[in-house]
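Student: In this note's numbering, each residue carries its 1-based index in the sequence shown increased by 12.
Quick reminder that beta carbons are idealized off the backbone N, C-alpha and C, glycines included.
Owing to the predicted nature of the structure, the values given are computational and were not obtained by experimental measurement.
My questions all concern the structure below.
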Amino acid sequence: MKPEENKFADVPLRVKTWIYIIIVFALGISHPLAMKIFVAWISFQCFFEFMRLFRISSNRIIPSLFVGTAQFFLLYFFSIESYFIYSAVVTAIVLLYFILLKTSIRQFYGIIVALLVCLFAFPHLLFIREMVSGLNAIIFIVVVTELNDVFQYLMGKFFGKHKITPQISPNKTVEGFIGGIFLTVLLSNILGFFLLKTDIPVNTILGIILGISGFSGDVFMSYLKRKAGIKDTGTLLPGHGGLLDRMDSLIFNAPIFFWIFSLLIKR
Numbered sequence: 013m014k015p016e017e018n019k020f021a022d023v024p025l026r027v028k029t030w031i032y033i034i035i036v037f038a039l040g041i042s043h044p045l046a047m048k049i050f051v052a053w054i055s056f057q058c059f060f061e062f063m064r065l066f067r068i069s070s071n072r073i074i075p076s077l078f079v080g081t082a083q084f085f086l087l088y089f090f091s092i093e094s095y096f097i098y099s100a101v102v103t104a105i106v107l108l109y110f111i112l113l114k115t116s117i118r119q120f121y122g123i124i125v126a127l128l129v130c131l132f133a134f135p136h137l138l139f140i141r142e143m144v145s146g147l148n149a150i151i152f153i154v155v156v157t158e159l160n161d162v163f164q165y166l167m168g169k170f171f172g173k174h175k176i177t178p179q180i181s182p183n184k185t186v187e188g189f190i191g192g193i194f195l196t197v198l199l200s201n202i203l204g205f206f207l208l209k210t211d212i213p214v215n216t217i218l219g220i221i222l223g224i225s226g227f228s229g230d231v232f233m234s235y236l237k238r239k240a241g242i243k244d245t246g247t248l249l250p251g252h253g254g255l256l257d258r259m260d261s262l263i264f265n266a267p268i269f270f271w272i273f274s275l276l277i278k279r
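Put into structure tokens, the structure is as follows:
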């Protein structure tokens with residue numbers, strides 16, 4: 013029984029940290045201005061963790077602050093279309109900065125990935141918040157995405173036997189993946205009915221897509237961590253690792269949901 017008990021040894025700490033995450037999330041989405049600050053902070057922290065991941069030894073605070081601050085002003089003053097244009101300029105400035113630092117080719121590619129995630133993927137959280145029924149939509153996407161991660165984690169702990177990505181993330185199992193998506197589809201139908209006012213086919217499709225793409229974002233970050241030889245991107249969230257470890261499932265889910273839901277609204 014001892015090995016089985018050890019499997020769940022980290023659950024109380026993870027649950028305790030989840031309480032703090034929920035409080036910060038609730039404050040972050042409470043107001044449009046708070047959401048802009050929240051997204052900019054996410055990008056600042058995640059970019060900082062990306063630099064640790066890619067072993068950038070230079071001062072990590074300065075470029076991280078630049079990314080977060082620049083993003084806040086772009087989100088505050090510009091529309092979605094203009095944001096992407098000017099964020100490309102910010103991307104060029106940051107890349108030039110690291111070229112001048114004579115960053116290695118491998119690290120340079122890593123910085124490109126970090127900028128794509130922080131400047132182009134995570135801002136979709138704000139874009140979702142600013143849509144029609146935006147507050148309900150942001151609650152839907154974040155709760156479904158994060159609980160999909162929890163479902164897959166728990167299903168894997170209880171029933172996992174067959175590894176799904178043994179070379180990248182040995183703890184992920186076929187049973188956890190399938191069970192997680194099944195529960196995510198159920199959750200998507202429940203939340204979709206109350207929050208999005210969408211029907212069963214739409215909610216089911218959303219649940220399946222978000223379950224698969226959320227898993228893909230998780231595996232993508234696991235691959236980067238495996239290549240870097242580290243377990244977590246940071247220590248900000250006890251029991252979870254860094255903020256990037258907790259946000260990885262939203263890398264693909266936030267943009268995918270924004271564009272799918274935008275099409276649904278226009279129907």
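According to DSSP, simplified to helix, strand and coil, what is K28?
Tutor: helix
Student: Using only alpha-carbon positions, find the residue among L127, F194, L107 that is nearest to F56.
Tutor: With distances taken between Cα atoms, F56 lies closest to L127.
Student: Mapping DSSP to helix, strand and coil, what is K184?
Tutor: coil
Student: Along the chain, where does the alpha helix (DSSP H) containing I150 start, and where does it finish?
Tutor: 146-171 is the span of the alpha helix (DSSP H), which, as asked, contains I150.
Student: For G204 and V214, what's the separation of their Cα atoms in angstroms?
Tutor: 9 Å
Student: Using the rule of at least 16 other Cβ atoms within 10 Å of the residue's Cβ for burial, across every protein chain shown, is P135 buried or exposed?
Tutor: buried
Student: Buried or exposed, going by whether 16 or more other CB atoms sit within 10 Å of the CB of I73?
Tutor: exposed
Student: Which term fits S116, buried or exposed, when burial requires 16 or more other beta carbons within 10 angstroms of its beta carbon?
Tutor: exposed
Student: Starting from the Cα of I193, find the closest Cα among T177, L249, S228, P267 and give me that residue.
Tutor: S228
Student: Report the three-state DSSP secondary structure of K243 (helix, strand or coil).
Tutor: coil
Student: Indicate the three-state DSSP secondary structure (helix, strand or coil) for K209 in the structure shown.
Tutor: coil
Student: Can you tell me the Cα-Cα spacing of N183 and S234, whole angstroms?
Tutor: 11 Å
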